[in-house]
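A.B. asks: My questions all concern the structure below.
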Amino acid sequence: MAEQIPFSIAENLLTKLASIASEEVSLVHGFKKDIRKLQTTLSTIKAILVDAEEKQEESLAVKNWVRRLREVVYDADDLFDDVATEGLRRKVEGEGRMVKVCDFFSSSNQIAFRFKMGHSIKDIRERLDEIAKEMSDFGFIIRKEAGVCMGIKNSWRETDSFVLKSEIIGRDEDKEKVIESLMCPVNQSNISVVAIVGFGGLGKTALAQLVFNDEKVVNYFDLKLWVCVSEESNVETLVKLILKSAGNNEVDNLSLEQLQIRLRQCLEGKKYWLVLDDVWNVNNRIWSQLRKYLMVGAIGSRILVTTRSKRVALAMGVDSPYPLQGLTEDQSWDLFEKVAFREGTSRVNSNLIEIGKEIAKKCKGVPLAIRAIGGIMQLRSSESEWLSVLENELWKVFESDGDISRVLKLSYDVLPYHLKQCFAYCAMFPKDYEFDKDRLIQLWMAQGYVQSRGQSENENLEEIGEGYFNELLFRSFFQKDEYCYKMHDLIHDLAQSIAGDSCFAIDDNTKHIPDRVQHVFSENLSSKECFRQLKNKGLRTLYCPYIGDGLRLNLDSIFSNCRSIHALRFRWNINGLPDSIGKLKHLRYLEFFHSQISSLPNCICSLYNLQTLILWECQSLKELPTDMRKLICLTQLINKDCYKLEFMPLGLGRLTNLQTLLTFVVGSDQGRRCSSLNELNSLNRLRDEICIKGLENVKNAALESSRVNLKEKKHLQCLRLSWAGKGDSNSGNSELLLDNLHPHPNLKELDVFGYKGVRFSNWPTSITSLVNITLYECPKCEHLPPLHNLPYLEILNLGYFDSLEYISDEDNLFSSLSASAATFFPSLKILKLDVCPNVKGWWRTCMEAKMVPQFPCLSKLTIANCPNLTVMPTFPSLDMELHLTYAHIRPLHYTLQMSATASAVPSTSSSVTSPFSKLKTLWLHGIENLASLPGEWMQNLSFLEELTLSYCMEISDEDECGIFKWRYLVSLRTLSLYNLSNLVSLPRELQYVTTLQRLTIRGCSNLRALPEWIGNLTALQNLCINGCPKLESLPRGLRQITTLQQLSVIDCPHLSERCAHDMAADWPNISHIPNIGINGKNIQ
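Structure (structure tokens):
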């Protein structure tokens, strides 16, 4: 195992030395000569580190030399961090203040501090000199480190993230075979197991993902679960993972007995599909016990296992596992070509193509190897570079022993140094750990791995770190999951082999922690022995997703003895911090997730290097430390869902480096303790989003908000403004306050909640970048600004406007619309109007129906509880969803009356044809006068897949009224009929909807029978009948539906009795259905 070269730390150290040496400060008076010598020596050593990294692979002496170099570089980094921190302290505290006599002999006194530093600097210089002297013994040479041109990196960085699922090649046939085995009714047992077997890197997980997301599979199973199984697992761990996959997250503290009860409740009666990905354990006892818990599912449930071992498959009862093979040569080249030549091969040197085909062939059909090597080659353009990879000696080893890690090591070796340390740091996480991109970048920054390019004063390290992350993602060191990222287990093995003892994950079985550990991931840290071993170590990261009592009780010991910590992360049951946390002067990252902590000790404000403070879902947190203004290096204050936070501390505006401030709370007691809104004035580096809460506490908007200066915050993308129910009732004050919160034109999302004004500000009209607007609970608001000209607005949500009568205030409607047809909501895709009981129309000006404009590209529309809204723009372009709940029928009527000759309608298109011709979902709830709709309106709904009818009293089993012409619904898959009191039987025309797969009938109190023709619904898979007390029997026609997989009967007393068991009257009509549930109980 090679020693990790401290490239980034050495680079950081040189930067610190240069900064300290150039400053005319008394802290280093008398030591500048020593510091300059250190600079020279370290620069000389740094120049040969690339050569040393390679030579240590074959020389134990070089490896030991690198180890000693690491130790002294980290010690020096801490030492000069102390110097820089003291400089920050003096800057914050103010050097001009009177020094008390009692402080004279303290460590913060200049003389004492310089005396201490003198001895330490001398020791570091002597150690580094000794290491430098040995360089000649090893014959090191200066070599250029493997790097990547920033221009090249940015060229792909602007594209979409590399997602493995979308680029899987050569697995279509495998996918169909696995799906066939999953859906094949081989037996009538509750569960059966299918296994995919193959060595690491073949793409077992990718194939399982393809199958998992296939539409046939999605529709076949009631519940889908995905679990990544670690190398060492037990029954308790597996049950927890399954429950978490099903959405039961609060399971960590449950006993096995409680867990199995939860699991039974989750799975009982459902045809589920469980994927157990990457199973290593072949313990028959574990599997037998788990299988017992899983047997409660419905008949037809399946488990898909991916594993490297055929023995695992056999132990789980799989007689014939599916053996996954490598890609063919043609498929290998297709994949390599896609990765290595992102722009295609049309303009590529033909020699590179031939070399590439040979490289792809050497990868032996292993997708992971192809992607890793392809990622290398994409950033190389010369023929000599391609030949050097083709002729590398590692291929011979790979061909002889098939060990893919050799190939993956090659992809690591050519990384630039700044990426090597970032990648190796991830060895701290356990296998299959899902990490967040932004958090990982902030952790890298805390360790000093993210280097400034020095190109401008406004450089953003987070953006540079994102470039690092994207490059590792692009080279397949990371894989994107749905919402997060992870590493393939072979890539994780590579990271561990590189990081060695510096990164370590502690679990309940840990007895020993390596002596040289620097970064610790701990699931619990409950062992006292673990605490003892952590003392006096050069620990730089302590990352704890879960806090056990042992750790909570020993935090003081850890903080007092591990002074080099740069990053701390705590989760769950920590409710307080010892004052010793103030001793962690190197700390740059501090996170509390879902903690019960109610306040942070003020000593945190002496952590002058702190860059990131995360307070996520700390729902007991009431206040932040009083002296937070001292944290002048803070760039990230991520305070999310801390609902009890009462105010922001005074002086927050001094934190001019802040880039993220998720929530700013205006306190009710402004003055000595609370920041006013004006404190935001100087925070012009804020980016992404900010939520300003407690605006009801602003009593004098003219005084308290005149200098907020949101107009200068050009990096903000999202602004959320919130007034609570109590507080300011002065409409004029609220209106002035909203006027003063005018954001920069770059804003893309605006959310306003609880606004107390009568008139809404006009500034949204000028924010032309807006994409998403949500205005909710504005009870007094009577006037909204014109929004129809916003060119990029895609989403508009308006809800709970008690006083609003017209959405647009414009009187001169015709002139505003005639200027340009493309200016009326040209990009709006989603519109929701919710609980606006007094809204009468879109405009104050009345107009003829034929002059009503239309939304040119609206895709989803919801109108709920707006019974008086009769006139609004028409919406024929809807192609996704239309939800009408207790809404007037007239807007729908006007839209349906549109014809292809409606040229007078302002629109982006020259004509309007077939309203709703591509609509997929329709929900009608409590809608009256459906009979007034055009007689043939349903013939347009040929793409409709889901229809829900609820509380529509005109719906009955009679077709003569002409409301619904069911035969036109040729794509309908799901039909829900709720609370239709006039429904006695199903509408006769419904028998022609042969595409129907799911039918739900609920609360139809007068439904007496299902017709015999129901047997014509030959695609029906799921039938649910709930709350139909007069329904007495099921028809014989059900026997004809061989596709029916699920029958559920609830709160239908007569019907339940006739279906309850195999001797019941209707049992012959339903016995062929695999899954039958009666009142929540699975009987088949």
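Just so you know, the sequence shown maps onto residues 1 to 1084 in UniProt numbering. Yeah, the Cβ is synthetic: ideal placement off N, Cα and C, and Gly gets one too. Being a predicted model, the structure only gives us computed values, none of them experimental.
In chain order, which continuous runs of the alpha helix (DSSP H) of length 4 or greater are located wholly inside the UniProt domain "Disease resistance R13L4/SHOC-2-like LRR" (940-1056)?
C.D. replies: none
A.B. asks: How big is the Cα-Cα spacing for valine 101 and serine 606?
C.D. replies: Because the pLDDT at valine 101 is just 37, under 50, the model does not fix this residue reliably, and the point stays unresolved.
A.B. asks: With 16 as the cutoff for other CB atoms within 10 Å, does serine 19 come out buried or exposed?
C.D. replies: exposed
A.B. asks: Is there at least one non-hydrogen atom of the ligand MG closer than 7 Å to the beta-carbon of isoleucine 168?
C.D. replies: Here there are no bound small molecules, and the ligand MG is not part of this structure.
A.B. asks: Any idea if alanine 1065 is buried or exposed, counting beta-carbon neighbours within 10 angstroms, 16 or more meaning buried?
C.D. replies: exposed
A.B. asks: Does DSSP put lysine 486 in a helix, in a strand, or in coil?
C.D. replies: strand
A.B. asks: If distances are taken between C-alpha atoms only, which option among Val835, Ile1083 and Thr995 comes closest to tyrosine 968?
C.D. replies: Thr995
A.B. asks: Hey, out of Val305, Leu335 and Ala315, whose CA is closest to tyrosine 322's CA?
C.D. replies: Val305
A.B. asks: What does DSSP give as the partner residue(s) for arginine 844 in the beta ladder?
C.D. replies: For arginine 844, which the question treats as bridged, DSSP gives no partner whatsoever.
A.B. asks: At which residues does the beta strand (DSSP E) containing isoleucine 353 begin and terminate?
C.D. replies: First-last for isoleucine 353: 350-362, but that is the alpha helix (DSSP H), not the beta strand (DSSP E).
A.B. asks: Hey, out of Gly203, Tyr483 and His566, whose CA is closest to glutamate 520's CA?
C.D. replies: It should be noted that the sequence gives valine, not glutamate, for residue 520. Closest by alpha carbon: His566.
A.B. asks: Hey, valine 752 and leucine 775 are a contact pair by Cβ (cut 8 Å); roughly how many whole angstroms apart?
C.D. replies: 5 Å
A.B. asks: Output the distance between the C-alpha atoms of leucine 390 and leucine 419, rounded to the nearest integer angstrom.
C.D. replies: 23 Å
A.B. asks: Just the C-alpha distance for alanine 340 and threonine 874, rounded to the nearest angstrom, thanks.
C.D. replies: 49 Å
A.B. asks: Would you give the residue range spanned by the beta strand (DSSP E) that asparagine 639 belongs to?
C.D. replies: Element bounds for asparagine 639: 636-640.
A.B. asks: May I have the straight-line CA-CA distance separating serine 985 from lysine 244, to the nearest angstrom?
C.D. replies: 42 Å
A.B. asks: With a threshold of 8 Å between beta carbons, is histidine 744 in contact with chain B?
C.D. replies: Included in the structure is just one protein chain, with no chain B present.
A.B. asks: Assuming contact is defined by CB atoms lying nearer than 8 Å, are cysteine 266 and asparagine 248 in contact in what I supplied?
C.D. replies: yes
A.B. asks: Name the residue from Pro791, Glu337 and Asp78 whose alpha carbon lies nearest to the alpha carbon of threonine 823.
C.D. replies: Pro791
A.B. asks: Could you compute how far the alpha carbon of histidine 742 sits from the alpha carbon of tyrosine 886?
C.D. replies: CA-to-CA, the gap between histidine 742 and tyrosine 886 works out to about 36 Å.
A.B. asks: Just the C-alpha distance for residue 1158 and glutamate 86, rounded to the nearest angstrom, thanks.
C.D. replies: This structure leaves residue 1158 out entirely; the chain is present only between 1 and 1084.
A.B. asks: At 4 residues or longer, and completely inside the region 113-145: list those alpha helix (DSSP H) runs for me, N to C.
C.D. replies: List check, alpha helix (DSSP H) in window: 135-138.
A.B. asks: For the alpha helix (DSSP H) that contains isoleucine 441, what are its first and last residues?
C.D. replies: 437-447
A.B. asks: Assuming valine 296 contacts glutamate 268 (C-beta within less than 8 Å), just tell me the rounded distance between them.
C.D. replies: 5 Å
A.B. asks: Grouping DSSP H, G and I as helix and E and B as strand, with all else coil, what is threonine 921?
C.D. replies: strand
A.B. asks: Give every residue of the same chain whose Cβ lies closer than 8 Å to the Cβ of histidine 1072, excluding the five residues on either side of it in the sequence, and list them in chain order.
C.D. replies: Arg1039, Thr1042 and Leu1044
A.B. asks: Residues in its own chain within less than 8 Å of cysteine 363 by CB, not counting five upstream and five downstream?
C.D. replies: Cβ within range, chain order: Ser332, Phe336, Ala369, Ile370, Ile373 and Val407.
A.B. asks: Inspect the CB distances between the region 32-47 and the region 432-451 and report whether three or more fall short of 8 Å.
C.D. replies: no
A.B. asks: So the candidates are Asn509, Arg90, Gln1046 and Gln1084; which of them puts its Cα closest to the Cα of aspartate 1062?
C.D. replies: Gln1084
A.B. asks: For the beta strand (DSSP E) containing tyrosine 433, list its first residue and its last residue.
C.D. replies: Taken as a continuous stretch (DSSP letters only), tyrosine 433 belongs to no beta strand (DSSP E), as it is neither H nor E.
A.B. asks: Restricting to runs no shorter than 3 residues, where is the beta strand (DSSP E) found entirely within the region 226-280?
C.D. replies: 272-279
A.B. asks: Can you tell me which residues form a DSSP beta bridge with proline 323?
C.D. replies: Val197
A.B. asks: According to DSSP, is leucine 655 helix, strand or coil?
C.D. replies: coil
A.B. asks: Look at the alpha carbon of tryptophan 1013 and the alpha carbon of leucine 1007, and state the distance between them as a whole number of angstroms.
C.D. replies: 16 Å
A.B. asks: Going by DSSP, what residues sit across from threonine 205 in a beta bridge?
C.D. replies: Per DSSP, none; premise fails for threonine 205.
A.B. asks: Kindly identify the DSSP beta-bridge partner or partners of leucine 542.
C.D. replies: Answer is Val520 and Leu568, bridged to leucine 542.
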